[in-house]
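Structure, as structure tokens:
Numbering (our numbering), first residue to last: 317 to 510.
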């Protein structure tokens, strides 16, 4: 009768059990969620349009709008554009206006990951008040002059940019391969005992 040394198998079984029941599993799922959020943010930030900024029409002393050389209203720039884009990595509209954090990977580390049943959930949102109008489109009154934009509105419907929708669809197609690579790396670490 031959003796079999199965101490290596016992050690492997212990490592697998520890990985499947311990904090390693929790860390794997949370880091996967955060990586997917960072990838989503990278995609959506690139697709988010940047406006010219916020302008104010200059008024004369009598309350009428001052005209420039070209006959159009004279404008004074109040802020630069990019608030909506910065909003993806900001916690409030005020932070987006003042120039919030722009690195999606760093920001994704600060987002809360919740665990409900078999699901790990991470919520990505843009706190800028007009984000949904740019995403899905909106109505407007054509012919109306908007002092903030310094323009007269031309169309009654502005089509949405669908930057979030397109990014989510693109990431959904890529997610299985990304998660498979991450899972393979995790399992290699478990089997190698790292």
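We put the beta carbon where it would ideally sit given N, CA and C, even for glycine.
Cβ-Cβ distance between residue i and residue j below 7 Å
i: residue 438; j: residue 444; result: no
i: residue 466; j: residue 389; result: yes
i: residue 513; j: residue 403; result: Nothing about residue 513 can be reported from this structure: the residues present for the chain run from 317 to 510 only.
i: residue 355; j: residue 371; result: no
i: residue 459; j: residue 474; result: no
i: residue 407; j: residue 418; result: no
i: residue 424; j: residue 350; result: yes
Residue i, buried or exposed, once every other Cβ within 10 Å from all chains shown has been counted against 16
i: residue 412; result: buried
i: residue 330; result: exposed
i: residue 480; result: buried
i: residue 327; result: exposed
i: residue 353; result: buried
i: residue 426; result: exposed
i: residue 461; result: exposed
i: residue 400; result: buried
i: residue 420; result: buried
beta-carbon residue i near the ligand SAH non-hydrogen atom, thresh 6 Å
i: residue 422; result: For the ligand SAH, the structure offers nothing, since it holds no ligand at all.
Reference residue i; option with closest CA among the options
i: residue 415; options: 376, 486, 396; result: 396
i: residue 457; options: 352, 463, 499, 468; result: 468
i: residue 507; options: 325, 319, 420; result: 325
i: residue 502; options: 321, 322, 348, 319; result: 348
i: residue 482; options: 322, 360, 450, 436; result: 360
According to DSSP, residues forming a beta bridge with residue i
i: residue 438; result: 429
i: residue 372; result: 392
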